[in-house]
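No gaps in the numbering here: position 161 of the sequence shown is 161 in the working numbering, and each next residue is one more. To start, the structure itself, in structure tokens.
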Amino acid sequence: MATAPVLPAQPHLVGRDFLRLADLSGQEVLQLVHLAHQMKQRRGATRVEPLAGMTVAMIFEKPSTRTRVSFAVAVQQLGGFPLELAPNTLQLARAETLGDTGRVLSRYVDAIVLRTGDQSVLEELAEAASVPVVNALSHQYHPCQTLADLLTLSEQFGGLKGLPVAYVGDGSNMAAAWLEAAALVGLHLRLATPAGYAPEAALTAWASAAARRAGGSVVLTQDPQGAVAGAQAVYTDVWVSMGQEAEAAARRQAFAGFQITPALMHAAAPDAVFMHCLPAHRGEEVAAAVLDGPQSVVWDQAENRLHTEKALLASLLTPDFSLLECR
Ligand code: CP
Ligand code: NVA
């Protein structure tokens, strides 16, 4: 069962990149979640702004509603300027390298937020840039979403360590992010995917060993019912992620039987919550009755993107950041 974590006030992350959750220690993840919780509670308390005079560049190579808007609003609420750069308006579109783009942007801005395809693109940018680079989703990971999901879980259950979480569906970037969360925070994660759609074996092996050391566990299965049994949270993601549109028909066929239905939710703990990173497809990975039902906390998850991104940015960019400075 979950126990409340004991936490010092603030993580020391100044100048670091955030490309995947495992760029942080378990302690730093818990500290960030705690800080985000405090910032959420104190919203509107004062008007002193820790990112005053700073600019955060945001480049989205794929569509985004939540990440784009929550980052822009987070930067603005912290007193900074969110500069969205459409990739096709940069010289990147005319073959300037990402490295050169990162070197130049670092001379103007204080951080770069990038949504892209392969994780190696983020790594290449982070290598060249002298300012923090934040992963706003890659094909492999979505760490900002996981921070918001962990805040949502801790709001619901008062703690994270030892919490039983079921993930049912695609071994996507969200599944990978949950493996990292289990490893760092010590969750009991049961992950059910159809054959051929499990997360990467090396990541699973690492997460499994790390989760055990942190007091949690990782179990991979092809049985949604078994994964969900007794879980406090049931999580799913789309069956067809951005960039996989050509596989849509095959995926819909492979994932039949992995929909989160009211009957499947019934197998979870009586006070279990349903979670989804969104966007959702009712009638596909989740039944409308679950997504729109009383156990669903998906809108809290979406809101918590804002609070966790504020905590992240303040910690990456402000050495002497004080909670008194947030609004
Ligand atoms: N969950 C999430 O990242 O949503 P967007 O794709 O809308 O940013
Ligand atoms: N797995 C999904 C997550 C969307 C937030 C995708 O990559 O499209």
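Glycine is no exception: its CB is placed at the ideal position from the N, C-alpha and C atoms. Note that the coordinates shown come from a computational prediction; the quantities given were computed from them, not determined experimentally.
Open item on the list: To the nearest angstrom, how far is the alpha carbon of N88 from that of P11?
Closed with: 36 Å
Open item on the list: If the criterion is Cβ atoms closer than 8 Å, does the pair Y141 and R20 meet it?
Closed with: yes
Open item on the list: For a test of your reading of the model: does the CB of T67 fall under 7 Å from any non-hydrogen atom of the ligand CP? Yes or no.
Closed with: yes
TODO: Could you have a look at F274 and say whether DSSP puts it in helix, strand or coil?
DONE: strand
TODO: Specify the secondary structure class of L160 as computed by DSSP and reduced to three states.
DONE: coil
TODO: Pull up the DSSP beta-bridge partners for L220, would you.
DONE: L191
Open item on the list: Between which residues of its own chain and T308 is the CB-CB distance below 6 Å, once the five residues before and five after are set aside?
Closed with: A36, L147, A148, L151
Task: As assigned by DSSP and simplified to three states, the class of L19 - done: coil
Task: Cβ neighbours of G117 in the same chain (closer than 8 Å, five flanking residues each side left out) - done: E61, K62, S138, H139, G243
- [ ] Give the DSSP-derived three-state secondary structure of F71 in the structure shown.
- [x] helix
Task: Spatial distance of P319 from D300 (CA atoms) - done: 29 Å
- [ ] Put R94 into one of helix, strand or coil per three-state DSSP.
- [x] helix
Open item on the list: Taking only three categories from DSSP, how would you classify L7?
Closed with: Note that L7 has pLDDT 46, beneath the 50 cutoff, so the model's placement of it is unreliable and no number is given.
TODO: Could you tell me if the beta carbon of H142 falls within a distance shorter than 7 Å of some heavy atom in the ligand PLP?
DONE: Judged by which ligands are present, the ligand PLP is missing from the structure shown, whose ligands are the ligand CP and the ligand NVA.
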